[in-house]
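Asker: Residue numbers (my numbering), protein chains in the order written: chain R, 1 to 222; chain F, 1 to 222. One structure is given below, represented as structure tokens, and several questions about it will come after.
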DNA sequence: GCAACAAATAACTATTTGGTTACAAGCTAT
DNA sequence: ATAGCTTGTAACCAAATAGTTATTTGTTGC
């Protein structure tokens with residue numbers, strides 16, 4: 001950039017570059033860059049150099065903070081799960097009627113998936129590898145139970161009130177909601193191509209949102 | 001392997017190897033090996049050397065028959081779509097009652113997904129790349145319309161008979177069926193891990209099969 | 001039977017990639 | 001102010017990787 005022509009190796013001039021140190025910022029920048037790179041290219045396709053460049057830093061820092069590519073990937077994955085489960089906790093689906101609670105969970109899940117396609121990509125990548133890295137995670141044992149507990153309560157109340165069928169099962173209900181959201185968002189590109197309809201069109205997105213709520217409730221209504 | 005210590009380049013001895021030529025077999029072996037490699041590792045993670053080795057041949061043949069890695073991948077993807085759509089054609093979902101027809105399509109789709117997880121992996125990979133290769137395909141324009149046409153007929157008959165709601169839409173019904181199957185199979189590894197339940201267990205698989213039929217019909221029944 | 005072509009092999013190459021090393025410079029406690 | 005640790009940079013390296021070349025050997029039409 002400037003005209004100084006140094007030749008000695010690893011010799012750096014810093015007069016013209018105000019070097020601000022900020023470990024937290026650098027670490028966060030690497031994590032965010034890695035999230036995008038892994039989400040866009042998968043584990044096998046992600047490039048360490050690309051992550052460093054996206055983060056505005058270099059590979060040395062990446063290895064310094066995260067060890068290696070695999071550990072960085074695991075951090076990204078864990079952070080993604082923490083993100084959705086944390087947002088989910090603020091829902092309080094038990095505050096209104098059972099039907100409204102289920103509808104609220106369905107809407108939240110759909111909208112979260114739509115807003116965070118990178119989370120879905122990461123799940124896809126992780127499943128491609130049969131949860132090889134997720135299984136090593138020690139942070140994620142407790143994270144998911146809250147959802148099932150709260151969902152169980154709402155369903156039980158609905159059954160007692162006679163609005164839900166007895167067979168309604170919390171895990172099945174969640175999987176139903178997640179299925180309908182995940183598939184539409186994550187497979188929108190091939191689906192739009194083969195069926196000749198743009199699934200990303202706002203009208204179609206709105207229709208699918210209503211569809212998810214309808215299907216979920218129809219499947220458990222007494 | 002044998003004790004001859006040749007040094008001249010590209011000198012090959014063949015006396016001890018009965019060399020059978022079979023272009024069709026070689027081509028098919030490459031396609032099958034590539035299907036597995038791409039399904040297991042994605043586009044970015046798949047290795048050309050690995051495909052050649054799996055096919056029991058070498059890279060030269062792979063480039064000879066398919067041009068390059070990307071074209072080979074596209075062939076694999078096209079072949080996978082041809083596979084499911086061909087099997088689908090033999091269903092004749094219009095032969096029985098509308099409810100039975102829909103149930104039959106749901107069962108078929110679920111069982112096909114379960115039997116061909118490599119197809120789901122390929123879809124996942126292709127969507128990761130936003131259908132970059134599928135969109136270049138010229139073979140696949142007509143392939144998918146048959147499904148929608150037949151489904152439309154069954155739904156229309158159901159509406160006329162008063163067993164399906166008027167709002168039942170063919171694409172939505174198919175996406176519902178596909179969603180419930182795709183998500184369960186392709187995300188079974190992360191789901192089993194985070195919820196501490198083995199989704200691949202035969203009992204759970206059977207339950208989900210029944211669940212898909214139940215949800216699909218419940219969502220369109222009048 | 002043999003010329004021309006298709007199928008097959010293995011070694012080779014240029015580039016990319018994950019990971020490391022040597023070094024410079026900011027930060028902080030004493 | 002300065003020693004020791006942390007944050008940062010760029011050059012380097014060995015292994016891996018997509019794609020190619022030189023060569024050999026079946027196969028087939030005449």
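Backbone N, C-alpha and C define an ideal beta-carbon position, used for all residues, glycine too.
Within a Cβ cutoff of 7 angstroms, which residues of the same chain sit near residue 152(F), ignoring the five residues on either side of it in sequence?
Answerer: Looking up residue 152(F) in the second chain gives position 152. Answer for residue 152(F): 170, listed in chain order.
Asker: Please classify residue 82(F): is it buried, with 16 or more other beta-carbons within 10 angstroms of its beta-carbon, or exposed?
Answerer: Sequence index remark: in the second chain, residue 82(F) carries index 82 (1-based). Exposed: under 16 other Cβ atoms inside 10 Å.
Asker: Is there a Cβ of chain R sitting closer than 8 angstroms to that of residue 58(F), yes or no?
Answerer: Here residue 58(F) corresponds to residue number 58 of the second chain, with the count starting at 1. No, no contact with chain R.
Asker: Below 9 angstroms on C-beta distance, what does residue 184(R) contact in chain F?
Answerer: On the first chain, residue 184(R) is found 184 positions in, with the first residue counted as 1. Per Cβ cutoff of 9 angstroms: 175, 179.
Asker: Under 9 angstroms between beta-carbons, which chain R residues line up against residue 111(F)? List them in chain order, please.
Answerer: As a position in the second chain, residue 111(F) is number 111, starting the count at 1. Going along chain R, no residue has its Cβ under 9 angstroms from residue 111(F), so there is no contact; the nearest lies around 17 angstroms.
Asker: Straight-line CA distance for residue 182(R) to residue 24(F)?
Answerer: As a position in the first chain, residue 182(R) is number 182, starting the count at 1. As a position in the second chain, residue 24(F) is number 24, starting the count at 1. So the alpha carbons of these two residues sit roughly 39 angstroms apart.
Asker: Can you list, in chain order, the residues of its chain with a C-beta nearer than 8 angstroms to that of residue 136(R)? Leave out the 5 residues immediately preceding and following it.
Answerer: Locating residue 136(R) in the first chain gives position 136, where the first residue counts as 1. Excluding sequence neighbours, residue 136(R) sits near 74.
Asker: How many whole angstroms separate the CB atoms of residue 119(R) and residue 84(R), which I take to be in contact at a CB cut-off of 8 angstroms?
Answerer: Counted from its first residue, the first chain places residue 119(R) at position 119. Counted from its first residue, the first chain places residue 84(R) at position 84. So it is a contact: roughly 6 angstroms between Cβ atoms.
Asker: Quickly, what does DSSP pair residue 221(F) with across the bridge? List them, please.
Answerer: For the purposes of this step, residue 221(F) is identified with residue 221 of the second chain, where counting begins at 1. For residue 221(F), the beta-bridge partners assigned by DSSP are 164(F).
Asker: Among the residues of its own chain, which have a CB less than 8 angstroms from the CB of residue 200(R), if the five just before and after it don't count?
Answerer: As a first step, residue 200(R) must be located in the first chain, where it is residue number 200. Hits under 8 angstroms: 188, 192.
Asker: The alpha helix (DSSP H) that contains residue 180(F), what's its start and end?
Answerer: Here residue 180(F) corresponds to residue number 180 of the second chain, with the count starting at 1. Here the alpha helix (DSSP H) through residue 180(F) covers 170-186.
Asker: Given a threshold of 16 other Cβ atoms within 10 Å of its Cβ, counted over all protein chains shown, does residue 145(R) qualify as buried or as exposed?
Answerer: As a first step, residue 145(R) must be located in the first chain, where it is residue number 145. Exposed is the call here.
Asker: So for residue 14(F), helix, strand or coil by DSSP?
Answerer: For this step, residue 14(F) is matched to residue 14 along the second chain. Because the pLDDT at residue 14(F) is just 35, under 50, the model does not fix this residue reliably, and the point stays unresolved.
Asker: Alpha carbons only, please: which of 99(R), 50(R), 116(R) is nearest the one belonging to residue 185(R)?
Answerer: Here residue 185(R) is taken as the residue at index 185 of the first chain, counted from 1. Nearest of 99(R), 50(R), 116(R) to residue 185(R), Cα basis: 116(R).
Asker: Measure the beta-carbon distance from residue 63(R) to residue 30(R) and round it to whole angstroms, keeping in mind my assumption that it falls under 8 angstroms.
Answerer: Mapped onto the first chain, residue 63(R) falls at position 63. Mapped onto the first chain, residue 30(R) falls at position 30. Rounded, the Cβ-Cβ distance is 10 angstroms, inconsistent with contact.
Asker: Would residue 219(F) count as contacting chain R if we go by Cβ distances under 8 angstroms?
Answerer: The count along the second chain starts at 1 and reaches residue 219(F) at position 219. It does: the Cβ of residue 219(F) has a partner Cβ on chain R nearer than 8 angstroms.
Asker: Are there three or more Cβ pairs, one per stretch, closer than 8 angstroms when the segment 93-104 of chain F is compared with the segment 121-128 of chain F?
Answerer: No, because fewer than three Cβ pairs between the segment 93-104 of chain F and the segment 121-128 of chain F fall closer than 8 angstroms, the two stretches do not touch.
Asker: So, with DSSP's three-state summary, where would you put residue 90(R)?
Answerer: Along the first chain, read from residue 1 onward, the residue named residue 90(R) stands at position 90. It is coil, neither helix nor strand.
Asker: What is the rounded straight-line gap between the Cα of residue 212(R) and the Cα of residue 219(R)?
Answerer: Taking the first chain and counting its residues from 1, the one referred to as residue 212(R) is at position 212. Taking the first chain and counting its residues from 1, the one referred to as residue 219(R) is at position 219. Going by the C-alpha atoms only, they are around 11 angstroms apart.
Asker: Considering only their Cβ atoms, is the gap separating residue 166(R) from residue 159(R) smaller than 8 angstroms?
Answerer: On the first chain, position 159 is the one that residue 159(R) refers to. On the first chain, position 166 is the one that residue 166(R) refers to. Taking 8 angstroms as the Cβ cut-off, residue 159(R) and residue 166(R) qualify as a contacting pair.
Asker: What are the residues in the segment 95-125 of chain F lying within 8 angstroms of chain R by C-beta distance?
Answerer: 121, 123, 124, 125
Asker: In whole angstroms, what is the alpha-carbon distance linking residue 208(R) and residue 161(F)?
Answerer: Start at 1 with the first residue of the first chain, and residue 208(R) comes out as number 208. Start at 1 with the first residue of the second chain, and residue 161(F) comes out as number 161. Residue 208(R) and residue 161(F): Cα-Cα distance of roughly 26 angstroms.
Asker: Using the beta-carbon of each residue, which ones in chain F are nearer than 9 angstroms to residue 144(R)?
Answerer: In the first chain, the residue the question calls residue 144(R) occupies position 144. 194, 195, 196, listed in chain order.
Asker: Can you check whether the CB of residue 217(R) is closer than 8 angstroms to the CB of residue 174(R)?
Answerer: Within the first chain, residue 174(R) is the residue found at index 174, counting from 1. Within the first chain, residue 217(R) is the residue found at index 217, counting from 1. Cβ atoms of residue 174(R) and residue 217(R): not closer than 8 angstroms.
Asker: To the nearest angstrom, how far is it from the Cα of residue 133(R) to the Cα of residue 72(R)?
Answerer: Residue mapping note: residue 133(R) aligns to position 133 of the first chain, counting from 1. Residue mapping note: residue 72(R) aligns to position 72 of the first chain, counting from 1. Computed Cα separation, rounded: 11 angstroms.
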